Structures are given as C-alpha cells and as structure tokens.
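Colleague:
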Amino acid sequence: MREIEYKGTKSVEYSKFLYFLPFLLALPLSWVPIDNLLWYRLALYGYGLSSILYLLNLFLRSKALGRWATLSLYLSLLLNLIAMGRRTYQTYQMGAFHPPWSNLFEALTFWAFMVGVLYLILELKYHVRLLGALVVPVSFLLSLFADVYAVKEITPLIPALRSYWLYFHVVTAFLGYAGFTVAFGGALLYLVKEKFPNLSFLPSKDLLEEISYKAVVLVFPVWTLSIILGSLWAYEAWGGYWSWDPKEVWSLIVWLFFGAYLHARQMLGWKGKRTSWMLVFGYITVLICFFAINLFFPGLHSYAKD
729 MREIEYKGTK
739 SVEYSKFLYF
749 LPFLLALPLS
759 WVPIDNLLWY
769 RLALYGYGLS
779 SILYLLNLFL
789 RSKALGRWAT
799 LSLYLSLLLN
809 LIAMGRRTYQ
819 TYQMGAFHPP
829 WSNLFEALTF
839 WAFMVGVLYL
849 ILELKYHVRL
859 LGALVVPVSF
869 LLSLFADVYA
879 VKEITPLIPA
889 LRSYWLYFHV
899 VTAFLGYAGF
909 TVAFGGALLY
919 LVKEKFPNLS
929 FLPSKDLLEE
939 ISYKAVVLVF
949 PVWTLSIILG
959 SLWAYEAWGG
969 YWSWDPKEVW
979 SLIVWLFFGA
989 YLHARQMLGW
999 KGKRTSWMLV
1009 FGYITVLICF
1019 FAINLFFPGL
1029 HSYAKD
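Offset between the sequence shown (1-based) and the numbering used here: plus 728.
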C-alpha cells in the first residue's frame, strides 16, 4: 500500500522535540509548597484558553494565533505535569504514596495530559494545528469533569492496587486512550470535510486520514500490551489471567474494534468515509470502557465510590 507523503512532513524535525526539555522543570517545581490542586486548577484554565485559541485558529488561520495556541497548550501540559508531581510528593508525605493515576480525579487529569502530549507530538510532526480544535478541548473537558465531579482528596490505595503493575498497566492503558482520542478527532474532521468539501480552512482529507491511521497504529500495540499486563497482574494477585470483569470485557471489545479497523484498512483496502466512521464508533466503545464501566459497574476498576 502506497504511503502518503506530505510536503514538509516527510521527516520529523527532531530539534523541535527539544521543546519538551523544560518539562524536566516539573521535578523541582513539584517540591514547591503549593497544594497540587492549585496546579491542577491552573492547568484546567490553561486547557480552556488553549481550546479557545485552537478554535479561533480553525477559522481565522492566523500563524500568530496558532503559535499562541501551541504555547498555551505547552504551558498547560507543564502545569499538569507539575500538579501530578506535586500530588505524588504529597502522597509520599502523607504515607500513602502512589502514582497520580489511581482514582477518578487522577485518572481523568492524567488522561487529559496524555491526550495533550500525544497531540503536540503529532502537531510537531505534521505541522497541522487545526486538529487541535477538536483534540485539545477533550483535555479541557476531562480536566473540567475531574474538577467538578471527582473527589480530590488523597486516599491510600486498597491492598490489591499496591503493586508495581499499577505503573506499567495504567500508563499503557492511558496511552491507548490518548491515541484513540487523537484518531477520533482526525476522523471527525474528515467526516466534516467530506460533508462540506468547500471548507477550505480544514486540512486535506488525505492528511486527516493519515494522522488518524498513524495514531491507531502507534497505540494499538500499546493497548494490547496494557491488556496483557493487566492479565499478568490479575494472575499474580488472584491466580487467574481472566475473570470476565466488565472492564476486561470492554477492553477486549475496544481491542477488537480497532483491530478490525486496522484489518479493514490494511488487508481489505478500506479508506475514507468507511474507516472514519469505524473510528467514530470505536471511540464510543472507548468512552463506554472508561466512563460507563468505571463509574457504574462494580469491580477493581470502579470509581463509583469516588
């Protein structure tokens, strides 16, 4: 299958990824005696501002506005990272040490962070900011939902979660969530472009489809790994790899859906509108997997008590 090439995007300008080096500042700033919730709130405001700027840039197509949108997202991610570092340090001070993705509030803000980072990497690679008008607001909405709905207090982990598997299994799972979110954004813009081809301010359909495809190709193996790691964790903790827990079942459904997408695209030659709709419906399974299952069904993945 012929690979699509785009002017200015054939090779990554790796020097641009030096922009992520200031993220190392999050470590010393995490020790500043400011409560983690203030950092999280600042990140929320930053995501809101970034969303507005990206949406304005979608219609105005201003280079200066686009740069401000990227800068505001970058600073929001830095604030989110500082918040997570500070929260981790505060759990250590309280004698309840755990990584910052263990309850509903932490999971949502971690998801927001991962979406923003993955989108920013793709923006640097493809030089397309317009996708941010759909993807960055997801980070804002996730953070807003965490701020309004979730319980923010730091609590000790239950014994079953006090495991090194928590680091590997959860990180890979949220990388998958982030990648599927970016793919959904690209697919949705593709369908808008398909419906309204005269919208010249949108990127080309080929580019949108390629970004969505690359996002799935990147994170599908990671999602697979998260399921495997979860099974190994379950075996170590309870003596069985699979128990048909609602979360396990829906994680498998997500895997099957996006696996079918890759099969349809690579083996059957499906492209365009059909595969874009597959990504949209696939993202619905992702939302069910996280929100419906974690909030309304009992189990180790349940946040209902939060």
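From the three backbone atoms N, C-alpha and C, an ideal C-beta is built for every residue, glycine too.
Note that the structure is a prediction, hence the values are computed from the model and not measured.
(1) Given this structure, state the Cα-to-Cα distance separating V1014 from W829, to the nearest angstrom.
(2) What's the gap between the Cα of M842 and the Cα of V945?
(3) Contact defined as beta carbons within less than 8 Å: I believe L848 pairs with I939. What is the distance between those atoms, to the nearest angstrom?
(4) Please list the terminal residues of the continuous alpha helix (DSSP H) segment that includes G968.
(5) Going by the CB atoms, is the gap between L799 and F751 shorter than 9 Å?
(6) Give a yes or no on whether the C-beta atoms belonging to L987 and F948 are separated by under 9 Å.
(7) Let me check understanding here. Comparing Cα to Cα, which of A965, W970, W767 lies closest to S891?
(8) Here's the rule I'm using: 16 or more other beta-carbon atoms within 10 Å means buried, otherwise exposed. How should V879 be labelled?
(9) Are there 16 or more other CB atoms within 10 angstroms of the CB of K933, so buried, or fewer, so exposed?
(10) Using a Cβ-Cβ cutoff of less than 6 Å, which residues in the same chain neighbour P884 once the five nearest sequence positions on both sides are dropped?
(11) By Cβ distance below 6 Å, which residues in the same chain neighbour F985 in space, the five residues on each side in sequence not counted?
(12) Hey, how far is the Cα of Y670 from the Cα of Y768?
(13) Let me confirm a value: E733 is counted as buried when at least 16 other C-beta atoms fall within 10 Å, else exposed. Which label applies?
(14) Counting C-beta neighbours from all protein chains within 10 Å, is the total for W951 16 or more, i.e. buried, or is it exposed?
(15) May I ask you to verify whether the stretch 756 to 770 touches the stretch 786 to 800, counting CB pairs closer than 8 Å and requiring at least 3?
(16) Note down the Cα distance separating L836 from V876, rounded to an integer number of angstroms.
(17) Please report the residue range of the alpha helix (DSSP H) in which H826 lies.
(18) What do you reckon, are the CB atoms on G774 and L807 nearer than 9 Å?
(19) In terms of alpha-carbon separation, which member of T816, Y895, F1025, L852 lies closest to W972?
(20) Spatial neighbours of V740 within its chain, please: CB distance less than 6 Å, with the 5 preceding and 5 following residues excluded, ordered by chain position.
(21) If you follow the alpha helix (DSSP H) that F875 is part of, which residue opens it and which one closes it?
(22) Do A901 and G968 have their C-beta atoms closer together than 9 Å?
(23) Which value, in whole angstroms, describes the spacing of the CA atoms of L786 and V920?
(24) Contact defined as beta carbons within less than 8 Å: I believe A840 pairs with S871. What is the distance between those atoms, to the nearest angstrom?
(25) Entirely within the stretch 735 to 800 and at least 4 residues each: give me those alpha helix (DSSP H) ranges in chain order.
Modeller: Per the coordinate set shown:
(1) Here the question's residue 1014 lines up with position 286 in the sequence shown. Here the question's residue 829 lines up with position 101 in the sequence shown. Taking the straight line joining both Cα atoms gives about 18 Å.
(2) Position 114 of the sequence shown, counted from the start, is the residue given in the question as residue 842. Position 217 of the sequence shown, counted from the start, is the residue given in the question as residue 945. Distance between the alpha carbons of M842 and V945: 17 Å.
(3) Position 120 of the sequence shown, counted from the start, is the residue given in the question as residue 848. Position 211 of the sequence shown, counted from the start, is the residue given in the question as residue 939. Rounded, the Cβ-Cβ distance is 13 Å, inconsistent with contact.
(4) Locating residue 968 in the sequence shown gives position 240, where the first residue counts as 1. Per DSSP, G968 belongs to no alpha helix (DSSP H) and is neither H nor E.
(5) Locating residue 751 in the sequence shown gives position 23, counting from the first residue. Locating residue 799 in the sequence shown gives position 71, counting from the first residue. For F751 and L799, no; Cβs fall outside 9 Å.
(6) Along the sequence shown, read from residue 1 onward, the residue named residue 987 stands at position 259. Along the sequence shown, read from residue 1 onward, the residue named residue 948 stands at position 220. Looking at the sequence provided, one finds Gly at residue 987 rather than Leu. Taking 9 Å as the Cβ cut-off, G987 and F948 qualify as a contacting pair.
(7) Reading the sequence shown from its first residue, position 163 is the one you call residue 891. Taking only the C-alpha atoms, the option nearest S891 is A965.
(8) Position 151 of the sequence shown holds residue 879. Exposed, because fewer than 16 other Cβ atoms sit within 10 Å of the Cβ of V879.
(9) Stepping through the sequence shown from its first residue, residue 933 is reached at position 205. K933 comes out buried.
(10) Numbered from its first residue, the sequence shown carries residue 884 at position 156. These residues qualify, in order along the chain: A824.
(11) Counting from one through the sequence shown, the residue named residue 985 turns up at place 257. Closer than 6 Å at the Cβ level, and outside the excluded window around F985, lie G1010, T1013.
(12) Since the first residue of the chain shown is 729 and the last is 1034, residue 670 is not available in this structure.
(13) For this step, residue 733 is matched to residue 5 along the sequence shown. Unreliable placement is indicated for E733, whose pLDDT of 41 sits below 50; no coordinate value is reported for it.
(14) One-based indexing of the sequence shown puts residue 951 at position 223. The residue in question, W951, is buried, as its Cβ has 16 or more Cβ neighbours within 10 Å.
(15) no
(16) Counting from 1 along the sequence shown, the entry for residue 836 is found at position 108. Counting from 1 along the sequence shown, the entry for residue 876 is found at position 148. Distance between the alpha carbons of L836 and V876: 11 Å.
(17) On the sequence shown, position 98 is the one that residue 826 refers to. Looking at the DSSP string, H826 is not in any alpha helix (DSSP H), and its letter there is neither H nor E.
(18) As a working mapping, residue 774 is identified with position 46 in the sequence shown. As a working mapping, residue 807 is identified with position 79 in the sequence shown. Yes, the Cβ-Cβ distance between G774 and L807 is below 9 Å.
(19) Position 244 of the sequence shown, counted from the first residue, corresponds to residue 972. Comparing Cα-Cα distances from W972 to each of T816, Y895, F1025, L852, the minimum goes to F1025.
(20) As a working note, residue 740 is residue 12 in the sequence shown. Low per-residue confidence applies at V740: pLDDT is 44, beneath 50, and the placement is therefore not dependable, though the value from the model is reported in the following sentence. Here the set comprises K853.
(21) In the sequence shown, residue 875 corresponds to position 147, counting from 1. It is Asp, not Phe, that sits at residue 875 in the sequence shown. Its alpha helix (DSSP H) spans residues 860 to 877.
(22) As a working note, residue 901 is residue 173 in the sequence shown. As a working note, residue 968 is residue 240 in the sequence shown. No, the Cβ-Cβ distance between A901 and G968 is not below 9 Å.
(23) The sequence position of residue 786 within the sequence shown is 58, counting from 1. The sequence position of residue 920 within the sequence shown is 192, counting from 1. One C-alpha to the other measures close to 13 Å.
(24) Looking up residue 840 in the sequence shown gives position 112. Looking up residue 871 in the sequence shown gives position 143. Indeed they touch by this definition, with Cβ atoms about 5 Å apart.
(25) 754 to 757, 764 to 788
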